[in-house]
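Chains as they are written, first to last, in the working numbering: chain A, 1225 to 1338; chain B, 175 to 285. Using N, Cα and C, we set each Cβ at its ideal position, and we do this for glycine too. Being a predicted model, the structure only gives us computed values, none of them experimental.
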Amino acid sequence: DAGITQSPRHKVTETGTPVTLRCHQTENHRYMYWYRQDPGHGLRLIHYSYGVKDTDKGEVSDGYSVSRSKTEDFLLTLESATSSQTSVYFCAISTDRGFSNEQFFGPGTRLTVL
Amino acid sequence: EDQVTQSPEALRLQEGESSSLNCSYTVSGLRGLFWYRQDPGKGPEFLFTLYSAGEEKEKERLKATLTKKESFLHITAPKPEDSATYLCAVQATGTASKLTFGTGTRLQVTL
């Protein structure tokens, strides 16, 4: 158990509303990631963080922003949700061993945008 | 651009019927190849990391192998509890720990 929690676990919202998803870790890892998972596309990286206030974009970052003000929390915000952002969102942390790193995933948040 | 292709998309086996899942990849420079298992409604669960061609890792009924172009996940005498989606991912050198995933193989093991 990598000590990762995500909240909320399920959310239904309407187009145009802002949404914030939270990822919390208990093990003080430096790297944190947000992915979305959609049928036929697999897991795709949205944004990642390599330290407090240090973040960078992944391959599908348009329409998303992130913040990391504390080591343990990584927030994903949809400023104005669209139906194309209906997906399952996973947070992950990295063990950051230098040469390579395994990533461990949270339980996911299922987001539906109507 | 890094790419990962997994085959088959779906596989149905009877209990005890061994088989292999394939993960083909193209990457500028391989830092690591990862296998995950994902059960419905849950996050991916880490299984193995492979770093260089010729390397093998085993865990219970699973064995992962790596060549310069592909990786195989061999499942020996599977049980129904091995039913899951198996995901492959690659990490390229100089990519700040980012992973590129395949779309997975959905495995069903029946009695």
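Beta-carbon within less than 7 angstroms of residue 1253 of chain A's beta-carbon, same chain only, minus the 5 sequence neighbours each way: which residues are those?
Hits under 7 angstroms: 1317, 1318, 1319, 1320.
Report all residues from its chain with a CB closer than 7 angstroms to the CB of residue 251 of chain B; omit the five preceding and five following residues, and keep chain order.
Result list for residue 251 of chain B: 190, 192, 235, in chain order.
Leaving out five residues before and five after residue 1243 of chain A in sequence, what residues of the same chain have Cβ atoms less than 6 angstroms from its Cβ?
Result list for residue 1243 of chain A: 1237, 1302, 1305, in chain order.
Which of the three DSSP states, helix, strand or coil, is assigned to residue 245 of chain B?
In this structure, residue 245 of chain B counts as strand in the three-state DSSP scheme.
Identify the continuous beta strand (DSSP E) that holds residue 280 of chain B and give its terminal residues.
First-last of the beta strand (DSSP E) with residue 280 of chain B: 279 to 284.
From the DSSP output, in three-state form, read off residue 255 of chain B for me.
DSSP places residue 255 of chain B in helix when its eight states are reduced to three.
Please list, in chain order, all residues of the same chain as residue 1267 of chain A whose beta carbon is under 8 angstroms from its beta carbon, the five residues on each side excluded.
Around residue 1267 of chain A: 1259, 1260, 1261, 1314.
I'd like to check one pair, residue 259 of chain B with residue 248 of chain B: are the Cβ atoms closer than 9 angstroms?
Their beta carbons are not under 9 angstroms apart, which means residue 248 of chain B does not touch residue 259 of chain B by this criterion.
Is DSSP giving residue 1289 of chain A helix, strand or coil here?
It is a strand residue.
Hey, residue 180 of chain B and residue 277 of chain B are a contact pair by Cβ (cut 8 angstroms); roughly how many whole angstroms apart?
That belief holds up - the Cβ atoms of residue 180 of chain B and residue 277 of chain B are roughly 6 angstroms apart, short of 8 angstroms.
Start and end of the beta strand (DSSP E) containing residue 1305 of chain A?
Element bounds for residue 1305 of chain A: n/a, residue is neither H nor E.
What are the boundary residues of the beta strand (DSSP E) that residue 343 of chain B is part of?
Within the shown structure, residues of chain B are numbered from 175 to 285, placing residue 343 of chain B beyond reach of any answer.
Do we get a CB-CB distance below 9 angstroms when we pair residue 216 of chain B with the residues of chain A?
Judged by the 9 angstroms Cβ criterion, residue 216 of chain B is in contact with chain A.
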